[in-house]
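Peer 1:
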Amino acid sequence: MWDIEACLTDHKPRDVVLGSGTRPDGLPIHELWLRITIDRDLNIVDAEASSEWVPYPGHCEAANPAYRALIGLNLLSNFRRDATRLLSGVAGCSHLTELCAVLPTAAIQAFAGDVWDVREERHEGAAATDAANVAPPFQLGRCQALRFDGEAVRQFYPRWYGASRPERDGGKE
Numbered sequence: 013m014w015d016i017e018a019c020l021t022d023h024k025p026r027d028v029v030l031g032s033g034t035r036p037d038g039l040p041i042h043e044l045w046l047r048i049t050i051d052r053d054l055n056i057v058d059a060e061a062s063s064e065w066v067p068y069p070g071h072c073e074a075a076n077p078a079y080r081a082l083i084g085l086n087l088l089s090n091f092r093r094d095a096t097r098l099l100s101g102v103a104g105c106s107h108l109t110e111l112c113a114v115l116p117t118a119a120i121q122a123f124a125g126d127v128w129d130v131r132e133e134r135h136e137g138a139a140a141t142d143a144a145n146v147a148p149p150f151q152l153g154r155c156q157a158l159r160f161d162g163e164a165v166r167q168f169y170p171r172w173y174g175a176s177r178p179e180r181d182g183g184k185e
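Residue numbers for the sequence shown follow this note's numbering, beginning at 13 and rising by one.
1) Looking only at its chain, what residues have a beta carbon closer than 8 angstroms to the beta carbon of proline 7, apart from the 5 residues adjacent to it on each side?
2) Return the CA-CA distance between leucine 88 and leucine 152, expressed in angstroms with no decimal places.
3) Quick one: grab the DSSP three-state call for isoleucine 120.
4) Using a 10 Å radius around the Cβ and a threshold of 16 neighbouring Cβ atoms, would you call proline 77 buried or exposed?
5) Please list, in chain order, all residues of the same chain as aspartate 37 whose beta carbon is under 6 angstroms from its beta carbon, the five residues on each side excluded.
6) Going straight from the alpha carbon of alanine 143 to that of phenylalanine 150, what length do you get?
7) Would you mind working out which of Ser63, Val57, Ile48, Ile56 sits nearest isoleucine 41, comparing C-alpha positions?
8) Here's a check: name, in chain order, each residue in its chain whose Cβ is nearer than 8 angstroms to the Cβ of threonine 34, leaving out the five neighbours to either side.
9) Considering only DSSP beta bridges, list what glutamate 43 is partnered with.
10) Curious, which full-length alpha helix (DSSP H) runs of at least 4 residues does the stretch 143–177 contain?
11) Rounding to the nearest angstrom, what Cα-Cα distance links alanine 164 and alanine 157 in this structure?
12) Please state whether DSSP places asparagine 86 in a helix, a strand or coil.
13) For valine 66, is the classification buried or exposed, using 16 other Cβ atoms within 10 angstroms of its Cβ as the cut-off for buried?
14) Using DSSP with H/G/I as helix, E/B as strand and the rest coil, what is valine 29?
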């Protein structure tokens with residue numbers, strides 16, 4: 013199991029008058045956290061939101077329990093769409109719901125190299141039919157820099173240069 017955290021903090025370089033009172037310079041307007049626990053397949057097995065600093069204390073925090081609805085979702089299978097459907101509008105906090113969008117990327121970065129093999133070279137002794145030998149490294153074809161027809165792939169992953177993007181299971185994120 014792995015824990016992924018996303019945080020949003022904003023400050024103003026001056027005192028700010030809020031409906032709930034004046035927030036002095038140096039203190040955050042918001043400090044919001046979204047924490048998820050995921051398994052190896054990127055299924056969310058636990059989720060928690062916290063609102064350390066909010067403009068409407070005693071009110072904004074009421075949305076935090078709604079983020080338990082993320083439990084059971086998969087970060088690589090329509091996660092952003094499903095999170096928005098479950099938590100947008102008055103169902104959640106707009107800022108916490110926006111933080112959901114970075115969770116798949118954070119998980120992919122955390123897993124790269126440790127959970128998923130992102131190396132180009134073949135594994136010594138591996139059979140030619142092993143998935144690690146016939147599928148490109150996970151990160152290829154997922155961004156502009158690592159597109160299959162791009163210079164970075166030509167230079168660092170020449171085996172996959174010019175290849176078309178293979179179909180991926182549930183890869184809609």
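C-beta atoms are modelled at their ideal positions from N, C-alpha and C, and glycine is treated no differently. Since the structure is predicted, the reported quantities are computational estimates derived from the model, not experimental observations.
Peer 2: Let me lay it out:
1) Because the chain here runs from 13 to 185, residue 7 falls outside it and cannot be looked at.
2) 15 angstroms
3) helix
4) exposed
5) Arg26, Asp27
6) Bear in mind that the predicted position of alanine 143 carries a pLDDT of just 47, short of 50, making it unreliable; the figure below should be weighed with that in mind. Alanine 143 and phenylalanine 150: Cα-Cα distance of roughly 11 angstroms.
7) Ser63
8) Asp27, Val28
9) Thr21, Trp65
10) 143–146, 163–168
11) 6 angstroms
12) strand
13) buried
14) strand
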